[in-house]
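Residue numbers (our numbering): 2 to 217.
Now the structure itself:
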């Protein structure tokens, strides 16, 4: 029987991105599927967080994610443009967010079409891999969707027709993450148990093997 893991995921989270290659590898190695539950990044969900954050945190985040990408041998560069419009000096965040909402909605549609993990892997590699500028323009998203077995035009039509429902699904994902016992991303939830962080994926594998996950 295929085991399923919910992964609560933000397209602006570098740690979420750094988990995706291993998610794909695990789903190829085991009879396992990751269901991507898209949530909005903390900067959009709770912008007041940055009013109190230690000023050492942003530079440490940048250093740590670059270091971790090197350790994992994963290509990495902060996306251009940043999925969240934000003044990195003042940490102020405007209400208008033209990038994170569209990509998050597409992630919901991809999951509904049974290709959430594939879409997320392809899109985040394009956004974060360091080879693509202006990832939101031109054919970049269309090519990533095609590599995931999806048609971007069809997905965009669904988003346009069902925006309210899709936004409600994102809210539902956030509530489900908190109900599972955590607030951050990536959080993996298997049989009701939350496992937070890409650095805890070995723990997730241990739990899966305890539950009898089969190798493909």
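Glycine included, each C-beta is placed from N, C-alpha and C at the ideal position. Predicted, not measured: the structure shown is a model, and the values here were computed from it.
Run of the beta strand (DSSP E) containing residue i, from where it starts to where it stops
{"i": "residue 39", "result": "33-39"}
{"i": "residue 237", "result": "The structure shown does not extend to residue 237, since the chain is modelled only from 2 through 217, so no value can be given for it."}
{"i": "residue 10", "result": "4-10"}
Residue range of the alpha helix (DSSP H) that includes residue i
{"i": "residue 194", "result": "That residue, residue 194, is in no alpha helix (DSSP H); its beta strand (DSSP E) goes 194-197."}
{"i": "residue 15", "result": "15-30"}
{"i": "residue 136", "result": "No alpha helix (DSSP H) contains residue 136, which DSSP labels as neither H nor E."}
{"i": "residue 296", "result": "Residue 296 cannot be examined here, being either before or after the span of the chain that is shown, 2 to 217."}
{"i": "residue 214", "result": "Where residue 214 is concerned, there is no enclosing alpha helix (DSSP H), given that its DSSP letter is neither H nor E."}
{"i": "residue 155", "result": "153-162"}
Neighbour-count burial assignment, residue i, 16 or more Cβ in a 10 Å radius
{"i": "residue 174", "result": "buried"}
{"i": "residue 209", "result": "buried"}
{"i": "residue 63", "result": "exposed"}
{"i": "residue 221", "result": "No answer is possible for residue 221: the residues shown for the chain start at 2 and end at 217."}
{"i": "residue 125", "result": "buried"}
{"i": "residue 123", "result": "buried"}
{"i": "residue 166", "result": "exposed"}
{"i": "residue 1", "result": "What is shown of the chain runs 2 to 217, which leaves residue 1 out entirely."}
{"i": "residue 61", "result": "exposed"}
{"i": "residue 99", "result": "exposed"}
{"i": "residue 105", "result": "buried"}
{"i": "residue 87", "result": "buried"}
{"i": "residue 128", "result": "buried"}
{"i": "residue 11", "result": "buried"}
{"i": "residue 164", "result": "exposed"}
{"i": "residue 1", "result": "In the structure as shown, the chain starts at 2 and stops at 217, and residue 1 therefore has no counterpart that could be examined."}
{"i": "residue 111", "result": "buried"}
Whole-angstrom C-beta distance between residue j and residue i, which should lie under 8 Å
{"i": "residue 51", "j": "residue 94", "result": "7 Å"}
{"i": "residue 24", "j": "residue 8", "result": "7 Å"}
{"i": "residue 4", "j": "residue 214", "result": "5 Å"}
{"i": "residue 37", "j": "residue 117", "result": "4 Å"}
{"i": "residue 109", "j": "residue 170", "result": "5 Å"}
{"i": "residue 201", "j": "residue 30", "result": "About 18 Å separates the two Cβ atoms, so there is no contact after all."}
{"i": "residue 78", "j": "residue 131", "result": "3 Å"}
{"i": "residue 6", "j": "residue 35", "result": "5 Å"}
{"i": "residue 206", "j": "residue 73", "result": "About 15 Å separates the two Cβ atoms, so there is no contact after all."}
{"i": "residue 145", "j": "residue 156", "result": "Between residue 156 and residue 145 the Cβ distance is about 11 Å, and since that is not below 8 Å, they are no contact."}
{"i": "residue 42", "j": "residue 13", "result": "4 Å"}
{"i": "residue 119", "j": "residue 149", "result": "4 Å"}
{"i": "residue 39", "j": "residue 178", "result": "With a Cβ gap of about 11 Å, residue 39 and residue 178 do not count as contacting."}
{"i": "residue 151", "j": "residue 114", "result": "6 Å"}
What alpha helix (DSSP H) runs, 4 residues minimum, are completely inside the stretch 47-89?
-> With a minimum length of 4 residues, the continuous alpha helix (DSSP H) runs that stay inside the stretch 47-89 are 50-53, 58-73.
Contact between the stretch 179-189 and the stretch 15-26 (3+ Cβ pairs under 8 Å) | yes
Runs of alpha helix (DSSP H) lying entirely within the stretch 101-130, each at least 4 residues, in chain order = 101-113, 117-129
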